[in-house]
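Each residue of the sequence shown is one higher than the last, beginning at 83 in the working numbering.
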Amino acid sequence: MATPLGPLSTPLPPLPDDVFTSAQWSILLALMDTVVPRIVRASAASPSRAIDELVISEEEYGAIARATGREEGETLDAYLAERPSESEDFKGLLRRQLVSYAREDQRRPLMLILSILSTRPGSLLLTGYATPLDQLDIKSRTLILQSWGSHYIGAIRTLYNTLTSIGKMIHIKSSRLFPTITGFSAIPLKYSPGPSYEYTFLQFPESQSPAILDFDVVIVGSGLGGGISAKNLAEAGFSVLVVDKAYHYTSAQLPMTEAQGMIHLFENGGIIPSEDSSINVLTGSNFGGGGTVNWSASLQPQGFVRKEWAEDRHLPLFTSTTFQES
Ligand SMILES: Cc1cc2nc3c(=O)[nH]c(=O)nc-3n(C[C@H](O)[C@H](O)[C@H](O)COP(=O)(O)OP(=O)(O)OC[C@H]3O[C@@H](n4cnc5c(N)ncnc54)[C@H](O)[C@@H]3O)c2cc1C
């Protein structure tokens with residue numbers, strides 16, 4: 083059987099130095115284990131793991147098996163039993179996200195709340211239980227987490243949004259069995275890398291003095307807006323320099339794994355939360371920008387938009403048959 087063609091691995095940079103204390107990690111991972119709990123069906127529940135196992139009935143298990151299109155069995159059981167605190171990949175990505183990508187003004191309040199939660203008085207104040215979260219059973223932790231979602235203090239609601247969104251996103255990227263359970267293939271079927279465009283990149287030797295370059299136009303950002311503007315300007319005879327803050331990856335390195343792709347190809351590790359963490363923005367950051375990662379779906383703009391572009395912006399192409407048939 084032919085060996086399936088896979089992309090080159092693009093390892094992640096070393097993990098950033100840890101800034102969280104072990105007490106903060108213990109609470110944080112207890113919360114992550116609540117967002118993505120270890121689930122077992124009643125017949126497989128073990129009394130010794132009652133503190134961290136969310137037990138579901140056989141009917142509920144059957145409903146999950148049907149929803150995922152999976153036969154009941156070892157793979158589904160193993161997937162449901164996955165637990166963030168037992169996954170080195172999950173913990174590594176979580177550390178990267180919180181240490182390398184979260185801003186100081188986002189990380190500081192989180193660290194403070196985790197410290198408060200690790201004490202008995204602080205825990206009583208924020209959860210109603212004097213026992214800290216990392217010693218509470220999964221049912222109590224679930225009720226506490228759910229109550230934070232509609233808490234009267236905005237910072238607690240933000241904490242709920244942050245924990246639930248980061249926990250789920252990192253689980254999807256790091257879970258060993260999520261791709262098998264969902265049928266998601268990291269490499270598209272029958273995939274083979276296409277040719278890469280041979281860009282001419284300028285290399286600058288280390289120097290104390292600035293490099294002086296002479297171009298008609300400098301474009302900051304190599305995404306769809308910048309890239310197309312650069313092409314049109316270059317074809318019109320201007321000399322154009324495109325700069326991008328991120329790296330270029332050839333097609334031999336694509337597609338990457340979920341974990342590698344989010345770090346190498348997306349802005350901020352693929353997680354840019356809004357102020358209250360209720361919305362997450364996903365945007366590409368690499369040489370090619372969103373064009374390297376988007377789905378290439380192309381929808382025709384509505385007639386009145388094309389008319390405005392043609393008449394008000396003097397771009398007649400948009401109401402021409404050439405555009406219509408392109
Ligand atoms: C997962 C995903 C799927 C999508 N699917 C579709 C689709 O199917 N169809 C569709 O039409 N659109 C899709 N989009 C949207 C589309 O890709 C974006 O609208 C488009 O890429 C935006 O173009 P842009 O030039 O504004 O920015 P981008 O393409 O995002 O490029 C911005 C570039 O600027 C660089 N940059 C940012 N700041 C700096 C700085 N200070 N200095 C230097 N460089 C900098 C970034 O690294 C990045 O490379 C998708 C987007 C994503 C993320």
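In this text, a Cβ means the ideal position worked out from N, Cα and C, and glycines have one as well. None of these values were measured; they are calculated from a predicted model.
So what's residue 366 in DSSP terms, helix, strand or just coil?
-> strand
State the beta-bridge partners of residue 348 as determined by DSSP.
-> 366
For residue 139, which option in 124, 225, 310 and 145 has the closest C-alpha, if you only look at C-alpha atoms?
-> 124
Check whether the Cβ of residue 315 sits closer than 6 angstroms to any heavy atom of ligand 1, and report yes or no.
-> no
Does the segment 86–104 touch the segment 211–219, meaning 3 or more C-beta pairs lie closer than 8 angstroms?
-> No, because fewer than three Cβ pairs between the segment 211–219 and the segment 86–104 fall closer than 8 angstroms, the two stretches do not touch.
Answer yes or no: do residue 299 and residue 286 have a C-beta to C-beta separation smaller than 7 angstroms?
-> no
Candidates 119, 296, 405 and 264, of which the one nearest residue 222 by Cα = 119
8 angstroms contact criterion, which residue 252 and residue 335 should meet: CB distance rounded | Actually they do not touch by this definition, with Cβ atoms about 22 angstroms apart.
Work out the CA separation of residue 308 and residue 326 for me, nearest whole Å.
-> About 10 angstroms.
Could you tell me whether the Cβ atoms of residue 240 and residue 117 are closer together than 7 angstroms?
-> No, these two residues do not count as a Cβ contact at 7 angstroms.
As assigned by DSSP and simplified to three states, the class of residue 437 | Residue 437 is absent from the structure shown; the chain starts at 83 and stops at 408.
With a floor of 4 residues, list each alpha helix (DSSP H) that falls wholly inside the segment 110–183, ordered by position along the chain.
-> Taking only runs of at least 4 residues, the alpha helix (DSSP H) segments lying wholly in the segment 110–183 are 140–149, 156–162 and 170–177.
Go through its chain and collect everything with a Cβ distance to residue 160's Cβ below 7 angstroms, but skip five positions before and after it.
-> Here the set comprises 259.
Apart from the five residues on each side of it in sequence, which residues of its chain come closer than 6 angstroms, Cβ to Cβ, to residue 86?
-> The pLDDT assigned to residue 86 is 47, lower than 50, so where the model puts this residue is not dependable, and the model offers no usable value.
Per DSSP, cross-strand counterpart(s) of residue 323 = 300
Give me the Cβ distance between residue 410 and residue 381, rounded to the nearest whole Å; I'm assuming they're in contact under 8 angstroms.
-> With the chain represented from 83 up to 408, any question about residue 410 goes unanswered, as that position is not in the structure.
Just confirm the distance between the C-beta atoms of residue 301 and residue 312, as a whole number of angstroms; I'd bet it's less than 8 angstroms.
-> 5 angstroms between Cβ atoms; contact.
Got a sec, what are the start and stop residues for the alpha helix (DSSP H) residue 316 sits in?
-> 306–317
Alpha carbon to alpha carbon, how far is residue 151 from residue 266?
-> 13 angstroms
For the putative contact between residue 219 and residue 109, defined by C-beta atoms under 8 angstroms, what is the C-beta separation to the nearest angstrom?
-> Contact flag wrong, Cβ pair sits at about 15 angstroms.
What number of angstroms, rounded off, separates the C-alpha of residue 318 from the C-alpha of residue 375?
-> The straight-line gap from Cα to Cα measures roughly 28 angstroms.
What whole-angstrom Cβ distance do residue 225 and residue 113 have, given they're in contact under 8 angstroms?
-> No, residue 225 and residue 113 are not in contact; Cβ-Cβ is about 13 angstroms, not under 8 angstroms.
Identify, in the order they occur along the chain, each residue of the same chain with its Cβ nearer than 6 angstroms to the Cβ of residue 379, setting aside the five sequence neighbours on each side.
-> none
Whole-angstrom C-beta distance between residue 237 and residue 72, which should lie under 8 angstroms = As shown, the chain starts at 83 and ends at 408. That puts residue 72 outside it, with no answer to give.
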